[in-house]
Every structure is written in C-alpha cells, then in structure tokens.
Amino acid sequence: MIVFRDPADVPADFGPSVVAIGKFDGVHAGHRVLLERARVDAAAGAKVVAVTFDRNPLALLRPELCPASLIGATQKIQLLAETGIDATLLLRFDEALASLTPREFVERILVAALGARTVLVGGDFRFGRGGSGNPDVLRELGDELGFRVDVVDDVRSIDADRRVSSTWIRELLGEGDVATAGKLLGRAHSVWGEVVHGLRRGRELGFPTANLSTELEGFIPADGVYAGWLIDEGSSDGLRPGIRYPAAISVGTNPTFDDVEQRQVEAYVLDETDLDLYGHRVEVQFVARVRGMVAFEGVDALVGQMERDVAQVRSLLP
Numbered sequence: 001m002i003v004f005r006d007p008a009d010v011p012a013d014f015g016p017s018v019v020a021i022g023k024f025d026g027v028h029a030g031h032r033v034l035l036e037r038a039r040v041d042a043a044a045g046a047k048v049v050a051v052t053f054d055r056n057p058l059a060l061l062r063p064e065l066c067p068a069s070l071i072g073a074t075q076k077i078q079l080l081a082e083t084g085i086d087a088t089l090l091l092r093f094d095e096a097l098a099s100l101t102p103r104e105f106v107e108r109i110l111v112a113a114l115g116a117r118t119v120l121v122g123g124d125f126r127f128g129r130g131g132s133g134n135p136d137v138l139r140e141l142g143d144e145l146g147f148r149v150d151v152v153d154d155v156r157s158i159d160a161d162r163r164v165s166s167t168w169i170r171e172l173l174g175e176g177d178v179a180t181a182g183k184l185l186g187r188a189h190s191v192w193g194e195v196v197h198g199l200r201r202g203r204e205l206g207f208p209t210a211n212l213s214t215e216l217e218g219f220i221p222a223d224g225v226y227a228g229w230l231i232d233e234g235s236s237d238g239l240r241p242g243i244r245y246p247a248a249i250s251v252g253t254n255p256t257f258d259d260v261e262q263r264q265v266e267a268y269v270l271d272e273t274d275l276d277l278y279g280h281r282v283e284v285q286f287v288a289r290v291r292g293m294v295a296f297e298g299v300d301a302l303v304g305q306m307e308r309d310v311a312q313v314r315s316l317l318p
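Each residue of the sequence shown is one higher than the one before, counting from 1 in full-length UniProt numbering.
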C-alpha cells in the first residue's frame, strides 16, 4: 500500500480511484465493510484509496470534546494496509485543512489529486469548514464534478441492537471487556510502542516484563491483568511482521508497591527470562481479561497470584 501525506504527493497519473473517506479510528468492522465495498466498486480497474486524518478533527476543533483515539497513526496505516487497498492519503488535520470549504476539499483532494470516480462515506460524514458538508452536499458536488457518491449503511450488532462504532469499542475497553471489543474490531485490540527500562521489579519477582513507554499508540484498556500476545515488530517503522510471543499483560500503577505514577502497560512473555527487547518497537495485543488490578499484602501473596495468572493465561491462549 502506498502512503501519501499530502495531495501534492499523489502522481498526476494516479487515478481513476474509488475513495473511502473517514476517521477510521480502530479500522473496525464497520470501516472494513466500507473499504470492502470500495474494493468491489474498483474491480473494473480503479485504485482504492482511503482518505483519512492524522488525528481526530475534534483535537483541533473542540479539544474538550475529543475522545481518546483507539489507535495511533502508525497503527492506522498498518491496519489499512492489511485490508488490501492500494493507497492511503493521510491528511494532516490543521487550520489550513479545517478552513477549506466543502467545494475546495472536493476539488483539491478528491478530483484534482485522486481523480475520484466513486466516493464512499458513512451516513454521519461531515466535511468542510464548520462541518458544513454532508452526504447530500457531496452528492451535489459529485453530480457537477463527475463522480458518484455511495452512502454505506452502518454495521449493527443484532444482539446489542447497536451500531458498531469507535465509541462503543472505547466503552468496552474502558470496562476491560477486550474480548467483545475484539469481536467488533475484527481483531485483538492492541497498543504499540517502544520497550523501555522500568523498575525491574518483575525480574526480581521471577516474571521479567517488557515495559512500554508511556508515549505509546493505542487506547489502554481498564487496569487489570490480561491474556494476549507480544509481537516484536523488528523494523523501526513497525510495519514488518515480527515474532509473536504469548504474554501475560499488566495494566495499571502497581498498587501493591504504590510507586508508579502513570499507568503502565507491561507484558511478561511466558517462559522467557532472558529476552532482551529494550529499544524494540512492539505490539501488545489484548485477547481476554484475567482479573482486575488489586493491592496485595506482601510480595509472597503477589507472586502466588502471578503464578495463578500465568496458568490462566496459558489456558486462554490457543
């Protein structure tokens, strides 16, 4: 997949294209339906392009209302690449982009840069200065400028009678329900970042952990212990598949010792005591929650619980 970061980066002969536009936060099941529809529409020879943003537009427009993102920009690019599309245009959402009128957005990005033949959006799509553009405005511009607009219906959970959305997934992760969140995402939820030095307490207790930097990408689920996987990406950009290890994952501030100021994500790779991951970029995937985070009365009680946690993690992973 080609990644463009500015419309000017797109070659003049790139089009025609079928374009799917959205925030794509999480690249969840609903987003994947939109992208799969774009691939079908492009079967006659057009390229499939996702147009998205480097941040939630609310981070600039209404920061007090902006929710935490499910994924970061690096994760978004990787997940979009896995859908099989041809290219992603990752726009920097700044004042200049926010000030474009709906017509300017369409003419400069969809028509001039991408040669859009078909544009797919969700029903709640808004674009242009002040959010003044909607699917109806996009259709009017498409009729004038030569592209078709398809509004793709929401994907809904029949059991919950609720549309699949980043908001719902964020709620589930906030409750620690990573299993249900994973079903809506179509994959295990994950965070991605660099392994850094910690207090080395896990090693002292017999469970050495890979501690992720607090400057990580991805929404951190509720405090607790989880079964999951640690993937050592290997390459500096994090886009090359790496080695996958089964892991017991801890999220929280270590209440037994009460000496960690910020929430941490740390992963104990099962049966590995000499694994050196310092400085590596890794992905930590959350498969199932084992328990909440509690303070124990002494080291022996903590170690005993950790042994039980590891046994349960083994039973939960394939």
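Backbone N, C-alpha and C fix where the C-beta goes; we use that ideal spot for every residue, glycine too. Every value quoted in this text rests on a predicted model; they were computed, and no experiment measured them.
Can you tell me whether Ile77 is buried or exposed, with buried defined as 16 or more other CB within 10 angstroms of its CB? Within the sequence shown, the letter at position 77 stands for residue 77. By the C-beta density criterion, Ile77 is buried, having at least 16 other C-beta atoms within 10 angstroms.
Give a yes or no on whether the C-beta atoms belonging to Leu270 and Val310 are separated by under 8 Å. Translated into positions along the sequence shown, residue 270 becomes position 270. Translated into positions along the sequence shown, residue 310 becomes position 310. A contact, by the Cβ cut-off of 8 Å.
Burial state of Ser17, where buried means 16 or more other Cβ atoms lie within 10 Å: If you number the sequence shown from 1, residue 17 lands on position 17. Ser17 is buried by the Cβ-count criterion.
Among residues of its own chain, excluding the 5 on either side of Leu97, which ones have a beta-carbon nearer than 7 Å to its beta-carbon? Position 97 of the sequence shown, counted from the first residue, corresponds to residue 97. Once the five neighbours on either side are set aside, the close Cβ partners of Leu97 are Leu91.
Buried or exposed, going by whether 16 or more other CB atoms sit within 10 Å of the CB of Arg281? As a first step, residue 281 must be located in the sequence shown, where it is residue number 281. With 16 or more other Cβ atoms within 10 Å, it is buried.
Beta carbon of Gly72 nearer than 8 Å to that of Glu171: Looking up residue 72 in the sequence shown gives position 72. Looking up residue 171 in the sequence shown gives position 171. Going by C-beta atoms, Gly72 is not nearer than 8 Å to Glu171.
Bridge partners - Gln285, DSSP secondary structure assignment: As a working mapping, residue 285 is identified with position 285 in the sequence shown. Within the DSSP bridge table, the entry for Gln285 names Ser190 and Trp229 as partners.
Mind checking who Ala42 pairs with in its DSSP beta bridge? What you label residue 42 is simply residue 42 of the sequence shown in a count that begins at 1. BP columns for Ala42 are empty, so no partner.
Measuring straight from C-alpha to C-alpha, what distance separates Val164 and Tyr245? Here residue 164 refers to the residue found at position 164 of the sequence shown. Here residue 245 refers to the residue found at position 245 of the sequence shown. So the alpha carbons of these two residues sit roughly 30 Å apart.
Any idea if Ile85 is buried or exposed, counting beta-carbon neighbours within 10 angstroms, 16 or more meaning buried? In the sequence shown, residue 85 corresponds to position 85, counting from 1. Buried.
Where Val313 and Met306 are concerned, what is the direct C-alpha to C-alpha distance, given to the nearest angstrom? Here residue 313 corresponds to residue number 313 of the sequence shown, with the count starting at 1. Here residue 306 corresponds to residue number 306 of the sequence shown, with the count starting at 1. Straight across, the Cα-Cα distance linking Val313 with Met306 is about 10 Å.
CA-CA distance, Thr209 and Val119? Looking up residue 209 in the sequence shown gives position 209. Looking up residue 119 in the sequence shown gives position 119. Those two C-alpha atoms are separated by around 46 Å.
To the nearest angstrom, report how far apart Gly45 and Lys183 are at their CA atoms. For the purposes of this step, residue 45 is taken as residue 45 along the sequence shown, with counting starting at 1. For the purposes of this step, residue 183 is taken as residue 183 along the sequence shown, with counting starting at 1. For Gly45 and Lys183, the distance between alpha carbons rounds to 32 Å.
CB-CB under 8 Å to Ala179, same chain, minus the five flanking residues each way: which ones, in chain order? By one-based count along the sequence shown, residue 179 stands at place 179. Take Ala179, set aside five residues on each side of it, and the residues of its chain with a beta-carbon closer than 8 Å to its own are Val287, Ala288 and Arg289, in chain order.
Nearest-angstrom Cβ-Cβ length linking Ile169 and Leu70, presumed shorter than 8 Å: Here residue 169 corresponds to residue number 169 of the sequence shown, with the count starting at 1. Here residue 70 corresponds to residue number 70 of the sequence shown, with the count starting at 1. So it is a contact: roughly 6 Å between Cβ atoms.
Have a look at Val195 and Asp232 and give me their C-alpha separation to the nearest angstrom. Taking the first residue of the sequence shown as 1, we reach residue 195 at position 195. Taking the first residue of the sequence shown as 1, we reach residue 232 at position 232. Each residue's alpha carbon lies about 10 Å from the other.
Pick helix, strand or coil for Gly174, following the three-state DSSP scheme. Here residue 174 refers to the residue found at position 174 of the sequence shown. Assigned with DSSP and collapsed to three states, Gly174 falls in helix.
Check whether the Cβ atoms of Arg129 and Thr101 sit closer than 8 Å, and answer yes or no. Here residue 129 is taken as the residue at index 129 of the sequence shown, counted from 1. Here residue 101 is taken as the residue at index 101 of the sequence shown, counted from 1. Contact: yes.
Going straight from the alpha carbon of Phe207 to that of Gly174, what length do you get? In the sequence shown, counting from the first residue as 1, residue 207 sits at position 207. In the sequence shown, counting from the first residue as 1, residue 174 sits at position 174. Computed Cα separation, rounded: 26 Å.
Tell whether a beta-carbon distance below 8 Å holds between Ala29 and Gly186. Sequence index remark: in the sequence shown, residue 29 carries index 29 (1-based). Sequence index remark: in the sequence shown, residue 186 carries index 186 (1-based). Yes, they are a contact pair.
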